[in-house]
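Residue 189 is where the sequence shown ends in the numbering used here, and the numbering goes up by one at each step.
Idealized CB from N, CA, C, for every residue including glycine.
This report refers to the structure that appears directly beneath it.
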Amino acid sequence: MNNSDQSWHPKLAVQLVRYQEIHVGETSEIELFQRFMYSSADIFLRSHSPGHFTGSCWLVSKDGQRVLLTHHKKLNRWLQLGGHADGDSDLAHVALREAEEESGLTDLIVEPEIFDLERHPIPARGSEPEHYHHDVRFVVHANGSEDFIVSDESHALEWRVISELVDDDEAEESIRRMARKWLKR
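Right, dumping it as structure tokens:
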């Protein structure tokens, strides 16, 4: 498959172009994602050992002031909710599915446009070699109860005030970046 074949993953291709129009300062990251999108037929499968696409969410409270973070069991860090595409090329759908599975929340609404991108290494574990997650992140809105249930994938979940995350030196840089993006909206 070559880069000129726009039919490969048309929805993601269009989403990345729209994202690039808004986030002109992130050109190198966007181009990395675009190249990866055309690199293999298996990019949405976790079995693709060099890496794969994942879908994550910036899950905001009804009032838009807080975000739900997970203390991830495998990585032992506070992160946004999200996970593997498992063959689903609709990464907004993946983000919504992961938000529901990892929080127990229902009545969630996902925005169709990409909110953030990040490629990051995942350390080797057991028989699984180190690989990369090409994480495509979407805003998901809580529209009903905000009473979450901690899943088996988390040590804990916590609603955090977004404005406080911007200057929180203990927060992951990508969490601070998404907080800044959210506050600029």
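| Asked | Found |
| --- | --- |
| For P116, the three-state DSSP class (helix, strand or coil) | strand |
| Three or more C-beta pairs below 8 Å linking the region 66-77 and the region 140-152 | yes |
| CB-CB length for G59 against A89, believed under 8 Å | 6 Å |
| Residues of its chain near T110, where Cβ-Cβ distance is below 8 Å and the 5 sequence neighbours each way are ignored | E104, G148, S149 |
| DSSP-derived helix/strand/coil call for F57 | strand |
| Assumed close pair I118, Q38 - CB separation to whole angstroms, cut-off 8 Å | About 12 Å separates the two Cβ atoms, so there is no contact after all. |
| Within the region 8-80, ranges of the beta strand (DSSP E) (whole runs, at least 3 residues) | 55-64, 70-76 |
| Three CB pairs or more closer than 8 Å across the region 74-85 and the region 176-189 | yes |
| Alpha-carbon to alpha-carbon, Y136 and I126 | 6 Å |
| E132 - DSSP class collapsed to helix/strand/coil | strand |
| Supposed close pair E157, K77 - CB separation, criterion 8 Å | 6 Å |
| DSSP three-state assignment for I179, whether helix, strand or coil | helix |
| DSSP three-state assignment for L187, whether helix, strand or coil | helix |
| Buried or exposed (CB count within 10 angstroms, at least 16 for buried), L100 | buried |
| K188 versus R22, P14, H13, I26, residue with shortest Cα-Cα distance | I26 |
| Close Cβ partners of W122 (< 6 Å) along its chain, the five nearest in sequence each way excluded | Sequence inspection shows Glu at residue 122; the Trp mentioned does not correspond to that position. For E122, where only same-chain residues beyond five positions count, the Cβ hits under 6 Å are D139, S178. |
| Where Q10 falls, given that 16 or more other Cβ within 10 Å makes a residue buried | Any answer about Q10 is weak, because its pLDDT of 42 lies below 50 and its placement is not dependable; what the coordinates show is given next. The residue in question, Q10, is exposed, as its Cβ has fewer than 16 Cβ neighbours within 10 Å. |
| Min CB distance L73 to chain C below 8 Å | In the structure shown, chain C cannot be found, because there is only a single protein chain. |
| Beta carbon of L72 nearer than 8 Å to that of S107 | yes |
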